[in-house]
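J.: If you scroll down you'll find the structure; I have some questions about it.
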Amino acid sequence: MLAWTIYLSFLGAGLLTLLPRNRAAAARWLALLTALAGLAAAVAGTVQFPGGAGATTLIKTRWIPPLHIQYFLAADGISVTLVLLTGIAAVAGILFSWNIEHRAKEFFAFYLALIGGVYGVFLSFDLFLLFVFYEIAIIPKYFIIAIWGSTRREYGAMKLALYSFVGSAMVLVGMIAAYVVAGHLTGRYTFDLTALAQVHFPAGFQRWAFPLVFVGFGILAGLWPFHTWAPTGHVAAPTAASMLLAGVVMKLGAYGCLRVAMTLFPAGVMMWRTEIAALAVIGIVYGAMVALVQRDFKFVIGYSSVSHMGFVLLGLMTLNQIGLDGAVLQMFSHGILAGLLFAVVGRMVYDRTHTRDLGELETMGLSHALPFAAATFVLAALASMGLPGFSGFVAELQVLIGAWSAFPTAGVCAGIGIVIGVAYLLRAVQRAFFAEGAEKPGKAAAPELPPISWPERLGAGLLLLASLVVGLYPQVLLNLIAPSVTSLLETMRKGGAL
Amino acid sequence: MSGFDYLDLLSLLAPETILVVASLAVLVVDLGFMRAQPLPARWLAGGVVTGLGGLLAILWLVNVQVQANVAEGILVVDALTQLVKTVLVAMLLFTAAISLRATFTEQVGEYFCLLTLATVGMMFMVSSEDVLMIFVALELTSLSLYILTAFNQQNRAPAEAGLKYFLFGGMAAAFTLFGLSLVYGLTEATNLRDIAAQLHGKTLDPLFTVALVMVVMGFGFKIAAVPFHLWAPDAYQGAPTPSAALIASGSKVASFFVFAKVMALGFAGAEGSGAGRQFAPGWVPVLATLSVASMLLGNLAAIAQTSVKRLLAYSAIAHAGYMLLGLLAMSDPARRADGMAALVYYATTYGLTTIGAFGVVGVVERNGGETLEHFAGLSRRSPLAAVCLMVFLLSLAGIPPLAGFFGKFYLFTAAAGAGAGSLGLIWLVILAIAMSAVSLYYYLQVLKRAFVAPLPEGVPPFAASPIESLALGALALAVIVLGALPMLLLGALVEAVKTVGF
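Those protein sequence lines, which keep their order, are chains A and B.
Using this note's numbering, the first residue of the first sequence is number 1, and each one after it goes up by one.
Using this note's numbering, the first residue of the second sequence is number 499, and each one after it goes up by one.
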C-alpha cells in the first residue's frame, strides 16, 4: 500500500503534463486528488503497518543484476512516520497553492514529481534506489522556485540546486566507496542497506566516509555552516515550495543522515559525534539569533527552520533511545509547523499585502484585517516554541533530555536556543499582527484585503490538527518510531558505536 | 593460414556491405533521378535510401549470430562488435533523421554518402584487432568527417572549422602512425594480442613509452581529450548540426571502443599505476592525466559559453574525461569486463543523448540561432523540443532516472573498484563526481532560458518536422527507458562482454 504513494504521485505528474494548457482549475483539482490519494495510501499503509522493530518489505526484486542493485522498497516505523508527514504536507501545499494561475499545470506536475521523489527516498532500502529518488527531488525544486518564486528567485533556485547536487555528489562518492569496500571485505557486493549495515567497515575508512556522507545529507538538513541555501531558498520559493522545502525536503537530509551515514558507519559516528553535535548546537543558537533580527517576515521563518533542524541533528547525535525518538518526532513536528508558518507568511499575508517587511506590516494592523491569519500564526508560533499540547513540545523535550545525558553542555545551549526561539516568534507575532500603532485612530486604516479562502482554512486546519493530535497523544507516532529506533541503535551498537 | 572463403567473408561483412551499397545508391538516386526535384524532396529521398540501408544492416546485425577471427585479427566479428555496430548504425539513422530539414547544402547525395561511409569506417574500426587495419578504418572515418564538417559552403566558418579539424587530425594521425611503427619495430607484430604477448614480462622500454604517448595522441584527438581538444569547439560550432552530432556520437563510440581495445588488449602489461602516491609509468598515468585535464577544462570552459553548440563541445570534452575512467578501470584484469561494459554503455547512451541535444539545437537554430538567448521561452514556443532538451541535458548532467546517470554510476563504480578494493583510483572518481556537480550549472543555464525566461516579444511558436519530432521523441524515450531499466541494454552488453572474454 505504501509503495502506491510513490506511483500515484508520478502518475499524477504524468497525467498533468497531458492536460491542455490554460486549464488551471483542472490542474489543481487533479493535483489535489493525487495528493489526497497519496495521503490515503500513506494512512492506509500506516494502519496496516504491523509495527515491531524490523522493516516490512513492500517489494524486493532484482533491478540491475550486474551491479547487484535491487528495486527494494520497505518501511520501518521511521519511514512510515515520514511518509505520513509527506502526505499531509503535500495536501496542505496544494491547498495553499490554490491561487496559482500562471503555468499551473507545469507547477503541479513539478510539485507532484518532487513529492514522488520524497516518498521514494523514505521507502527505499536499497542505497542506489534511495539515491535515485533523492536526486529526482532536486530538479523540480529548481524549476518551481525559478519559475514561480519571488525575491531573487533565480539566484535562490540555482543556489539550492547546486548545494543539493554537491551534497548528493558527496553521498555518491561515499556510496560507491562503501559498495567497493564492502564487496571486497565480504565477497558480497550489494547496495542493500540492511546488508550493508551488517558489514564492519575498517575504522580508517569510516573516519572519512562517515563525515563525507553525513555532511552530504546534512547540507539538505540545514547543517550549519552548510545551511545558507535554506534561508535564500525558502524566501525565494513560492509558498507551497517553501512549505515542502522546510516541511519535507530538509527531512530528506536528516533521514539520509540517520538511515545511511549513521547505520552504515557506526564507528565513524563515534569519531565525529562531538563535532557534529557542536555544529548542531551552533545551528540552533545561530539560526535563532539571526531570526531575531530579520526585517523580512519570511527570513524569520527561514532561519527558524535552521534552528529547529539543529534539534533533529542534535537528537541524532545523542545516540540514545529518547534522543533519537525525539529527533524523528521533531522531523515530523517541524515538517508540519514550518509548513504552517510559511503558509501564513507566504500565502495569507504576502499574497495579499505584497510585502513581507515587518516594518510595513506593522502599520497595517493585520490582526483586524486578517484575523484568521493572525490566529493561525499565533497558534503555529506557540506550537513551534514548544507549548505543551502541540507536537513541538514532545519532540524538543525528548531531544533535550537525550542531549542532557549525552552532552550536558550542548543540552544547556540548546535550551538557550529555545528561549531565543520564543523571543523571535513573539517579536514576529507582535510586529506583523499586533503592532500598537495601527490600532490608534488616525493611522492608516487596514487596507481592504481579500478574505481568507476556504482552501487556506482547510489547509491550516489540517496542519494544526496534525500537530495537536501528535502533541496530545504522542504515542500515535512514538509507537511506530520507538521500536525502529531501538533496532537501529542495536545495529549501530554491534557495529561499534557506544 | 589457408585461404578463406569469400562467401563467408561476405556474410561476416554483410552489414558493412549493405551500407556501402546504400551509400552508392544514395548517390545514384540523388544525382541520377532527383536532380530536378525541389530540395526537401531530395533530402527525403536521400534519407529514405540511407534509412533503408541502415535498417537492413541493423536487422542483419541483430538476427545473424556470427563469430570469427579472419586473418589473425584483421577482422574480428563477435557478439560485442555486433552490438557496438548496431549502436553505430542506429546513431547513423538518428543523425540522418535530424538532417532532413537541412538547407545548408544542395549536395544531398554526397552528404548522405559521406555520412554512411563515415559509419562504415567506424564499423571496421570496431571490428579489428590489428593496428594497421584500425588505422586505415580510422582514416576512412576521419576523412569523411572532415568533409562533413566543411559541408556548409554558404559561409566561411564551416570551411575554417573543417580546415582546423583536418590539420589537427592529419597531424594526430601522423603521430599515431609513427607510434605504431615504433611498436611494430619493438614487437614485430601488428596484432594487438601478439603485441601484448611480446611486451609481456619485459620492463618498460623507453622507446615503447614514446610510442605509447604517440599512439595516445591520435586517439586522444579522436575522442577530443585535453590537450588534443582544440579542434572540437570550432568544429562543433562551424559544422552543420547533424555532422556535429555524428562526430560527437558515433565517432566517439567507435573511437573509445577501439582505444580501449588497443590499450587493454594491446598494451596489457604496460599499465603502470595511477593509484594515489603509487604512480608508476605506463598508460594508466598517461590516461589519468588526460582524464583529469579533460574533466577540469571541459567543465570549467563550458560555463563561459554563450553558443550552445560550443557548450556541447566543451561538455563533450568533459565527457571524454569521464569515459577515460572506464579505460582506467580496464587496467585491472579483474575489472576489465566491468570497465568495458561500463564504457560501451556510457558511450552509447552519451551518443544517443548528444544526437538528441544537437537535434533540438538544430531545430532552434533554424528558427533564429543557437546562442543562449535563442532558447529563451522555448518551453512555450515548442513544448516538445523543450521537454526533449530537458531530458537530454539532465541526462548529460547525470540526473536519475535518466541514462546518463546510470552510465556515470556504472563507470565510476568500475573505476573505484579497480585494484582489488584498494580504492586506488577513488581520487579520480571524486574529481569526476565533483565536476558533474559543476556541469549541472551550465546545463541549467540552458534549461533556465528554455523554461524560466519570459517569452521574448514577437517570436512565433514553431514545431519540429514530424520526422524530427519522432526522432527526438524516440531518443528522449530511449534516454529515459535506458536510465530506468538499464538491463535492456546492459543485459546484452554484459553477456557479450562475457562471451568475448575480456
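A virtual CB, placed ideally from N, CA and C, is assigned to each residue, including glycine.
Nothing here was measured: the structure is a model prediction, and the numbers come from that model.
Put S771(B) into one of helix, strand or coil per three-state DSSP.
T.: In the second sequence, counting from the first residue as 1, residue 771(B) sits at position 273. Strand, per DSSP.
J.: Considering only C-alpha positions, which residue in the set A403(A), V293(A) and D296(A) is nearest to L324(A)?
T.: Residue numbering aside, residue 324(A) sits at position 324 when the first sequence is read from its first letter. It is A403(A).
J.: P899(B) to S168(A), Cα distance in whole Å?
T.: Locating residue 899(B) in the second sequence gives position 401, counting from the first residue. Locating residue 168(A) in the first sequence gives position 168, counting from the first residue. Rounded to the nearest angstrom, the two C-alpha atoms are 14 Å apart.
J.: Short of 7 Å in beta carbon distance, which residues of its chain neighbour F205(A), apart from the five on each side in sequence? Order them along the chain.
T.: Here residue 205(A) corresponds to residue number 205 of the first sequence, with the count starting at 1. Once the five neighbours on either side are set aside, the close Cβ partners of F205(A) are V181.
J.: So what does DSSP say about S805(B), is it helix, strand or coil?
T.: Residue mapping note: residue 805(B) aligns to position 307 of the second sequence, counting from 1. Here S805(B) sits in strand by DSSP.
J.: Should L172(A) be flagged as near chain B, meaning a C-beta pair shorter than 7 Å?
T.: Counting from one through the first sequence, the residue named residue 172(A) turns up at place 172. Judged by the 7 Å Cβ criterion, L172(A) is in contact with chain B.
J.: Which of the three DSSP states is assigned to W558(B) in this structure?
T.: Position 60 of the second sequence, counted from the first residue, corresponds to residue 558(B). Of the three classes helix, strand and coil, the one that applies to W558(B) here is helix, per DSSP.
J.: Ends of the alpha helix (DSSP H) at L94(A)?
T.: Taking the first residue of the first sequence as position 1, residue 94(A) is located at position 94. A small fix is needed here, since residue 94(A) is Ile in this sequence, not Leu. Looking at the DSSP string, the run of the alpha helix (DSSP H) that includes I94(A) is G77 to L95.
J.: What span of residues does the alpha helix (DSSP H) with K159(A) cover, start to end?
T.: The count along the first sequence starts at 1 and reaches residue 159(A) at position 159. Segment R153 to T186, the alpha helix (DSSP H) holding K159(A).
J.: Report yes if the CB atom of A13(A) is closer than 7 Å to the CB atom of A137(A), and no otherwise.
T.: Numbered from 1 along the first sequence, position 13 holds the residue referred to as residue 13(A). Numbered from 1 along the first sequence, position 137 holds the residue referred to as residue 137(A). Against a cut-off of 7 Å, the Cβ pair of A137(A) and A13(A) comes out as no contact.
J.: Could you check the C-alpha separation between S487(A) and V83(A) for me, to the nearest Å?
T.: By 1-based counting over the first sequence, the position of residue 487(A) is 487. By 1-based counting over the first sequence, the position of residue 83(A) is 83. Using only the alpha carbons, I get a separation of about 19 Å.
J.: Starting from I928(B), find everything on chain A with Cβ-Cβ shorter than 7 Å and list it in chain order.
T.: Walking along the second sequence from the start, residue 928(B) turns up at place 430. Within chain A, the residues near I928(B) are V173.
J.: When you compare the CB positions of L1004(B) and K583(B), do they come within less than 7 Å of one another, or not?
T.: Since the displayed chain B opens at 499 and closes at 1000, residue 1004(B) lies outside it and no answer follows.
J.: Which runs of the alpha helix (DSSP H), 4 residues or longer, sit entirely within the region 915-982 of chain B?
T.: Segments of the alpha helix (DSSP H) lying fully in the region 915-982 of chain B: 924-945 and 964-982.
J.: Once DSSP output is grouped into helix, strand and coil, what is the label at L728(B)?
T.: Looking up residue 728(B) in the second sequence gives position 230. Three-state DSSP puts L728(B) in coil, outside helix and strand.
J.: Any idea what DSSP makes of Q535(B), helix, strand or coil?
T.: As a working mapping, residue 535(B) is identified with position 37 in the second sequence. Three-state DSSP puts Q535(B) in coil, outside helix and strand.
J.: Near V121(A), which residues of its chain fall below 8 Å by C-beta distance, leaving aside the five closest residues on each side in sequence?
T.: If you number the first sequence from 1, residue 121(A) lands on position 121. So the qualifying residues of the chain are L130, F133, Y134, A137, L252, Y255 and G256.
J.: How many angstroms separate the CA atom of G824(B) from the CA atom of E871(B)?
T.: As a first step, residue 824(B) must be located in the second sequence, where it is residue number 326. As a first step, residue 871(B) must be located in the second sequence, where it is residue number 373. Distance between the alpha carbons of G824(B) and E871(B) is about 36 Å.
J.: Going by Cα to Cα distance, which pick from L887(B), A827(B), I745(B) and A758(B) is closest to A594(B)?
T.: Reading the second sequence from its first residue, position 96 is the one you call residue 594(B). Ranking the options by Cα distance to A594(B), first place goes to I745(B).
J.: In the DSSP assignment, the alpha helix (DSSP H) including R493(A) goes from what residue to what residue?
T.: If you number the first sequence from 1, residue 493(A) lands on position 493. First-last of the alpha helix (DSSP H) with R493(A): Q475 to K494.
J.: For a contact meaning CB atoms closer than 9 Å, what does E101(A) contact in chain B?
T.: Start at 1 with the first residue of the first sequence, and residue 101(A) comes out as number 101. Going along chain B, no residue has its Cβ under 9 Å from E101(A), so there is no contact; the nearest lies around 15 Å.
J.: Could you spell out where the alpha helix (DSSP H) holding T851(B) opens and where it closes?
T.: Within the second sequence, numbered from 1, the residue matching residue 851(B) stands at position 353. Element bounds for T851(B): R834 to R864.
J.: Within the region 223-247 of chain A, note down every full alpha helix (DSSP H) run reaching 4 residues or more, in order along the chain.
T.: With a minimum length of 4 residues, the continuous alpha helix (DSSP H) runs that stay inside the region 223-247 of chain A are 229-236 and 239-244.
J.: Counting only Cβ-Cβ distances shorter than 9 Å, please list the residues of the region 121-138 of chain A near chain B, keeping chain order.
T.: Answer in chain order: F128, F131, V132, F133, Y134, E135, I136 and I138.
J.: For the alpha helix (DSSP H) that A414(A) lies in, which residues bound it at each end?
T.: The residue you call residue 414(A) lines up with position 414 of the first sequence. Element bounds for A414(A): P408 to F433.
J.: Determine the DSSP secondary structure at T701(B), reduced to helix, strand or coil.
T.: Counted from its first residue, the second sequence places residue 701(B) at position 203. Of the three classes helix, strand and coil, the one that applies to T701(B) here is coil, per DSSP.
J.: DSSP has G797(B) in a bridge; who is on the other side?
T.: As a position in the second sequence, residue 797(B) is number 299, starting the count at 1. According to the sequence displayed, residue 797(B) carries Asn and not Gly. None; N797(B) has no bridge partner.
J.: What does T57(A) pair with, by DSSP beta-bridge criteria?
T.: Taking the first residue of the first sequence as 1, we reach residue 57(A) at position 57. BP columns for T57(A) point to A74(A).
J.: Relative to the C-alpha of L973(B), which candidate in P536(B), D506(B) and A588(B) has its C-alpha closest?
T.: Here residue 973(B) refers to the residue found at position 475 when the second sequence is read from its first residue. Ranking the options by Cα distance to L973(B), first place goes to A588(B).
J.: Just to make sure I have the definition right: I need the residues of chain B whose C-beta is within less than 7 Å of the C-beta of Y142(A). Which are they?
T.: Within the first sequence, the letter at position 142 stands for residue 142(A). Those are L942, listed as they occur along chain B.
J.: Let's test the definition: count the other Cβ atoms within 10 Å of the Cβ of R153(A) and tell me whether it reaches 16, buried, or not, exposed.
T.: As a first step, residue 153(A) is located in the first sequence; it is residue number 153 there, counting from the start. That one is buried.
J.: Using a Cβ-Cβ cut-off of 7 Å, state whether M985(B) counts as contacting chain E.
T.: Included in the structure are the protein chains A and B, with no chain E among them.
J.: Using a C-beta cutoff of 7 Å, does P66(A) count as contacting chain B?
T.: What you label residue 66(A) is simply residue 66 of the first sequence in a count that begins at 1. Chain B, which has a Cβ nearer than 7 Å to the Cβ of P66(A), makes this yes.
J.: Residue range of the alpha helix (DSSP H) that L32(A) falls in?
T.: Start at 1 with the first residue of the first sequence, and residue 32(A) comes out as number 32. It spans A24 to Q48 - the alpha helix (DSSP H) in which L32(A) sits, taken as one unbroken run.
J.: Residues of chain B with CB closer than 8 Å to the CB of A169(A), please, in chain order.
T.: For this step, residue 169(A) is matched to residue 169 along the first sequence. Within chain B, the residues near A169(A) are I931, A932, S934 and A935.
J.: Do P738(B) and F592(B) have their C-beta atoms within less than 7 Å of each other?
T.: One-based indexing of the second sequence puts residue 738(B) at position 240. One-based indexing of the second sequence puts residue 592(B) at position 94. Cβ distance not < 7 Å, so P738(B) and F592(B) don't count as in contact.
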